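*Asks:* One line per chain: the protein sequences are S and H, in this order. So in the numbering used here, the last one in the first sequence is 1028, and the numbering has no gaps at all. So in the numbering used here, the last one in the second sequence is 364, and the numbering has no gaps at all.
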Amino acid sequence: MKNSVLINSVRFLSLVLAQVLIFNNIDFMGYINPYPYMLFILVFPFNANRSLYLILAFLTGLTIDMFGNSGGIHAAACLVVAYFRPIALRLTFGVSYEYNAIKLPNVSFYERLVYISSLVFVHHLVLFSLEVFNISNIIYILKKTLFTGIFTSILCLMFNILFSSRRE
Amino acid sequence: MQQIINFLIRNKNFLLFAFLFFISLVFTIQSHSYHKSKFVNSANFLSGGVYESLSNMQDYFNLKTYNQQLLEENARLRENESKLYSITNSSDSLSIYNTTESQFKYIPARVLENPYSKTDNIITLKAGKRDSIFPEMGVITSQGIVGFIEKTSTKYSTVLSILNTNFKTSAKLRASDHYGTLEWNGQDPNIMTVIDMQEQAHVKIGDTIETSGQSAIFPKGIPIGTIENFELDNSKNFYTLSVRLFNDMTNLGHVYIIKNIDKEEIRTLEENNTNEE
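(1) Could you tell me if S/P905 is buried or exposed, where buried requires 16 or more neighbouring beta carbons within 10 angstroms of its beta carbon?
(2) Determine the contact status of H/N334 and H/T256, defining contact as a CB-CB distance below 9 angstroms.
(3) Tell me the DSSP secondary structure of H/Q155 in three-state form.
(4) The beta strand (DSSP E) that contains H/F333, what's its start and end?
(5) What does the Cβ neighbour count give for H/Y153, buried or exposed, with the cut at 16 atoms within 10 Å?
(6) Among S/L979, S/D925, S/F888, S/K1004, whose alpha-carbon lies nearest the alpha-carbon of H/L133?
(7) Is there a C-beta anywhere in chain H that falls below 9 angstroms from the one on S/I901?
(8) What are the boundary residues of the beta strand (DSSP E) that includes S/V903?
(9) Whole angstroms is fine: what's the gap from H/E351's alpha carbon to S/Y913's?
(10) When the distance is taken between beta carbons, is H/E223 closer than 9 angstroms to H/I210?
(11) Could you tell me the alpha carbon to alpha carbon distance between S/F1011 and S/K1004, rounded to whole angstroms?
(12) Is any beta-carbon of chain S found at less than 9 angstroms from that of H/H289?
(13) In its own chain, which residues sit with a C-beta less than 8 angstroms from the C-beta of H/L95, not counting the 5 before and 5 after it?
(14) List, in order along the chain, the chain H residues whose C-beta lies closer than 7 angstroms to that of S/I999?
(15) Spatial neighbours of H/T252 within its chain, please: C-beta separation below 7 angstroms, excluding the five flanking residues on both sides.
(16) Going along chain H, which residues have a C-beta under 9 angstroms from S/E971?
(17) Give me the residue from S/A935, S/H934, S/L979, S/G931 with the minimum Cα distance to S/R950.
(18) How would you call S/R945, buried or exposed, if buried means at least 16 neighbouring beta carbons within 10 angstroms?
(19) Identify which residue in H/S204, H/T268, H/I292, H/Y243 has its Cα closest to the Cα of H/F221.
(20) Can you find at least 3 beta carbon pairs, one from the stretch 292-302 of chain H and one from the stretch 313-326 of chain H, that sit closer than 8 angstroms?
(21) Apart from the five residues just before and just after H/T115, which ones in its own chain have a Cβ nearer than 6 angstroms to its Cβ?
(22) Measuring alpha carbon to alpha carbon, tell me which of H/N201, H/V290, H/Q287, H/N143 ends up nearest S/N885.
(23) Which residues of chain C have a Cβ atom closer than 8 angstroms to the Cβ of H/H119, listed in chain order?
(24) Say whether the stretch 926-934 of chain S touches the stretch 128-142 of chain H, bearing in mind that this needs 3 or more beta-carbon pairs closer than 8 angstroms, one atom from each stretch.
(25) Identify, in the order they occur along the chain, each residue of the same chain with its Cβ nearer than 6 angstroms to the Cβ of S/L987, setting aside the five sequence neighbours on each side.
(26) Cβ closer than 7 angstroms: which chain S residues qualify as neighbours of H/N100?
(27) When you compare the CB of H/P222 with every CB in chain S, is at least one pair closer than 9 angstroms?
(28) Can you pull the chain S residues whose beta carbon is under 9 angstroms from the beta carbon of H/V137, in chain order?
(29) Just list the residues that DSSP pairs S/L964 with in beta bridges.
Listed below in structure tokens is the structure:
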């Protein structure tokens, strides 16, 4: 238990710092900034207390918002991801995740890809809708969601594979 | 009663979700209307400190560009100085420059964080209340306008960048006194638009647009950019101009904050006028 708290705190700090100091300044092709900090929400222990998880997701988003001066858009997007994660888990891994049998380092590449990218796109859609906040720019929102989503998914997958060294 | 409590316990996660989501929506809506005071911003000790230490490192890589900008600015100032010297020393003109104190004071500040890829960009500066910086002061570089101060803490402040869809200021043609409203559509960080420019104005591609001095934030005549394209709007009464900025907003190192000494006086005058009506 203590170990898990420590690991998650370290992960939170390093992901937020990496996001704020590096990934917010990438500006690939002028406007694409990936958001790999959301890996913290994606790999948070599946069996953790639900309310605690929601609050932590909210605080993660709010920290990014504080650095980016973006109001509450990251907080809202993270909250939506945290709330709908069980659905994504059930769709990807079937019902077996409910018995705590799933450990992300052990699942196949394909399942990992589906799980991560589906939640990344949900996150980005909420994020950019709130950022632009104008329904007439829907094409711009979708374009930004698609390109940034691809970038973020690749980065999240890479980090996830790199840092999950535990093998059976 | 029992049922209500049961209902609350059963749906506690959904209620928590709804409550937190509501809070974040409030923050988001606040951030889209810049008159509201923001609760979450980067002018605080934590994020300001992190940005400051990062900027301390990054500044070394940009020293060359900053030196170049300073050299150019020095050259321009030197040129102006010699012009002024010749004016004030010629016997047939009144010396106006010695009699009145300048209305504007310039305070230098360092840029800590300068985003430009979002639709509502906000810059963080290393200068705050300690350096007598207060909200609604204009921010410029030697090349053009940058934005105005939105929020200050003791050591840091945030700037509502011109690359923000909430930003609006009055702009005019350098050649004549035709006014328009300068704003940004949230797409290209080098292009801004001026709307509502009178159809009578003689607009040409390549003309210079500058600040009009109608607001108390920016003095008159600060350069903004050159006209790249223009068209008449649907009513055929007003031009819409796209303006290419002089300022490279993607590369800001040091800026000047403009302190308008007469601002209080102008404000009290305006308030008195509205009260009397």
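By construction, the Cβ of each residue, glycine as well, lies at the ideal position given by its N, Cα and C atoms. Model, not experiment: these values are computed from the prediction.
*Replies:* With the structure as the only source:
(1) Under this definition S/P905 is an exposed residue.
(2) No.
(3) In this structure, DSSP gives H/Q155 a helical state, which the three-state scheme calls helix.
(4) Premise fails: H/F333 is in no beta strand (DSSP E) and is neither H nor E.
(5) Of the residues assessed, H/Y153 falls on the exposed side of the cut-off, its CB having fewer than 16 other CB atoms within 10 angstroms.
(6) Taking the Cα of H/L133 as reference, the smallest distance to any Cα among S/L979, S/D925, S/F888, S/K1004 is reached at S/D925.
(7) S/I901 is outside the set of residues whose beta carbon lies under 9 angstroms from a beta carbon in chain H.
(8) Per DSSP, S/V903 lies in no beta strand (DSSP E) segment and is marked neither H nor E.
(9) H/E351 and S/Y913: Cα-Cα distance of roughly 49 angstroms.
(10) Their beta carbons are not under 9 angstroms apart, which means H/I210 does not touch H/E223 by this criterion.
(11) Between the C-alpha atoms of S/F1011 and S/K1004 there is a straight-line separation of about 11 angstroms.
(12) Closer than 9 angstroms: no.
(13) Residues L102 of the same chain have their beta carbon placed closer than 8 angstroms to that of H/L95, with the five preceding and five following residues left out of the count.
(14) Within chain H, no residue has its beta carbon less than 7 angstroms from that of S/I999; the closest one is some 12 angstroms off.
(15) Sequence-distant Cβ neighbours of H/T252 in its own chain, meaning closer than 7 angstroms and more than five residues away, are T206, D207, W271, G273.
(16) In chain order: nothing, as chain H lies at least about 25 angstroms away.
(17) Of the candidates S/A935, S/H934, S/L979, S/G931, the one whose C-alpha sits nearest the C-alpha of S/R950 is S/L979.
(18) Within a 10 Å sphere around the beta-carbon of S/R945 sit 16 or more other beta-carbons, which makes this residue buried.
(19) Put simply, of H/S204, H/T268, H/I292, H/Y243 the residue whose alpha carbon is nearest the alpha carbon of H/F221 is H/Y243.
(20) Contact check between the stretch 292-302 of chain H and the stretch 313-326 of chain H: three or more CB pairs, one atom from each, fall below 8 angstroms, which counts as touching.
(21) For H/T115, there are no CB contacts under 6 angstroms within the same chain when 5 residues up- and downstream are skipped.
(22) Ranking the options by Cα distance to S/N885, first place goes to H/N201.
(23) Judged by its chain identifiers, the structure shown contains no chain C, and its protein chains are S and H.
(24) With the cut-off at 8 angstroms, the stretch 926-934 of chain S and the stretch 128-142 of chain H touch.
(25) Within the same chain, I933, A937 come within 6 angstroms of S/L987 by CB-CB distance, once the 5 residues on both sides are set aside.
(26) Per Cβ cutoff of 7 angstroms: R910, S911, L914.
(27) Not an interface residue.
(28) For H/V137, the C-beta contacts it makes with chain S under 9 angstroms involve L877, V880, L881, F927, in order along the chain.
(29) Residue pairing of S/L964 in beta bridges, as defined by DSSP: absent, with no partner found.
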